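Novice:
In our numbering, the protein residues as written are 2 to 330.
#1: Ends of the alpha helix (DSSP H) at residue 74?
#2: To the nearest angstrom, how far is it from the Cα of residue 164 to the Cα of residue 175?
#3: Would residue 126 and residue 154 qualify as a contact pair, given that the criterion is a beta-carbon distance under 8 Å?
#4: Assuming residue 123 and residue 182 form a contact by the criterion Cβ under 8 Å, report the distance between their Cβ atoms to the nearest whole angstrom.
#5: For residue 129, name the three-state secondary structure that DSSP assigns.
#6: Just to confirm the assignment: which complete alpha helix (DSSP H) runs, minimum length 4, are found wholly within the segment 104 to 151?
#7: Quick one: grab the DSSP three-state call for residue 192.
#8: DSSP state of residue 1, grouped into three classes?
#9: What's the gap between the Cα of residue 135 and the Cα of residue 95?
#10: Looking only at DSSP bridge pairs, what is residue 174 linked to?
#11: Count the CB pairs spanning the segment 99 to 119 and the segment 131 to 146 that are closer than 8 Å, and state whether there are at least three.
#12: What did DSSP end up calling residue 91 once you bin it into helix, strand or coil?
#13: Out of 168, 162, 87 and 119, which has the shortest C-alpha to C-alpha gap to residue 63?
#14: Considering only C-alpha positions, which residue in the set 286, 47, 171 and 54 is nearest to residue 33?
#15: Are the CB atoms of residue 73 and residue 59 within a distance shorter than 8 Å?
#16: For residue 101, report the span of its beta strand (DSSP E) as first-last.
#17: Helix, strand or coil for residue 53 per DSSP?
#18: What is the residue span of the alpha helix (DSSP H) that residue 37 lies within?
#19: Going by Cα to Cα distance, which pick from 150, 40, 172 and 48 is closest to residue 133?
#20: Taking C-alpha atoms, which residue in 120, 146, 118 and 121 lies nearest to residue 130?
#21: Which residues bound the beta strand (DSSP E) around residue 157?
#22: If you count every other CB in all the chains shown that lies within 10 Å of the CB of residue 177, and 16 or more means buried, which is it?
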């Protein structure tokens with residue numbers, strides 16, 4: 002049973018040659034003419050002209066084919082980080098559609114291959130902000146990041162990344178971190194209350210109103226975010242190896258008529274398929290364990306109340322889970 006496409010659709014939320022046009026199923030209906038016109042611009046290397054047309058088609062039709070060409074146009078224009086995110090979304094969309102519409106299988110496979118080739122040309126940065134009050138503003142290289150963007154690794158062009166955190170009642174924080182191609186980094190940031198204005202000395206801590214409990218903690222949440230980010234990265238590695246394993250299985254299916262291949266000339270294909278499947282199985286289990294451990298830390302790892310003159314320790318116990326992996330070689 003072919004399982005990789007099903008699991009990719011579920012876990013890849015996670016590349017630079019142009020594939021032939023036949024790699025993507027053509028859109029049907031009134032949009033076909035518009036798609037052909039946009040593709041003509043793309044073939045003429047007018048990527049700036051083709052991009053808005055493909056973007057409009059993707060918005061209107063929700064077609065993975067149009068989105069594939071949005072990603073390709075962004076790539077050819079040198080907007081590599083945006084191209085990676087669009088290509089990743091194309092893999093997810095095409096995988097889901099291919100479950101009921103076989104024509105999108107080629108779109109899925111082409112997008113997965115190109116996504117793999119883009120992997121080394123981008124990096125990923127997780128900005129883990131602990132204890133941030135409402136209204137806190139986080140920017141990356143001058144661009145404000147929404148809460149949704151901060152919830153997962155952000156795709157970046159390799160090089161120095163500048164993060165700034167501002168907000169009412171907190172100290173302004175500026176940090177810089179280098180991210181290499183193919184690398185995923187986490188930048189933990191602890192927000193602090195602003196000191197007294199007009200002085201260089203740190204402000205003395207103000208006593209809390211009587212009866213108001215003190216709080217402690219927050220570090221565990223950062224650990225949870227790091228673990229979850231690594232888990233998501235493992236799912237991305239699983240997706241790539243699962244596609245490669247699926248391709249080897251398709252070769253055996255096509256050339257052996259669905260029966261078990263006994264011809265020695267297919268031994269290398271079988272061995273490669275087993276290797277890719279083993280790597281895929283290991284990475285999906287590792288990813289599931291990391292996410293299962295990280296999510297409870299994020300939920301329960303925030304500040305906790307401390308009674309006066311007493312110490313407290315928060316020890317979360319993540320719930321267990323089970324992952325079933327089936328082989329086919």
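Just so it is clear, CB atoms sit at the ideal spot from N, CA and C, and this is done for glycine as well.
A quick note: this is a predicted structure, and the numbers were derived from the prediction, not measured.
Specialist: On the basis of the data shown:
#1: 65 to 77
#2: Per the coordinates, the alpha-carbon of residue 164 lies some 6 Å from the alpha-carbon of residue 175.
#3: Yes, these two residues count as a Cβ contact at 8 Å.
#4: 7 Å
#5: strand
#6: 106 to 119 and 148 to 151
#7: coil
#8: No answer is possible for residue 1: it lies beyond the span of the chain, which begins at 2 and ends at 330.
#9: Each residue's alpha carbon lies about 37 Å from the other.
#10: 166
#11: The answer is no - the segment 131 to 146 does not touch the segment 99 to 119, with fewer than three Cβ pairs under 8 Å.
#12: In the three-state DSSP reduction, residue 91 falls in the helix class (H, G or I).
#13: 87
#14: 54
#15: no
#16: First-last for residue 101: undefined, no H or E at that position.
#17: helix
#18: 32 to 44
#19: 172
#20: Of the listed residues, the one whose Cα sits closest to residue 130 is 146.
#21: 155 to 157
#22: exposed
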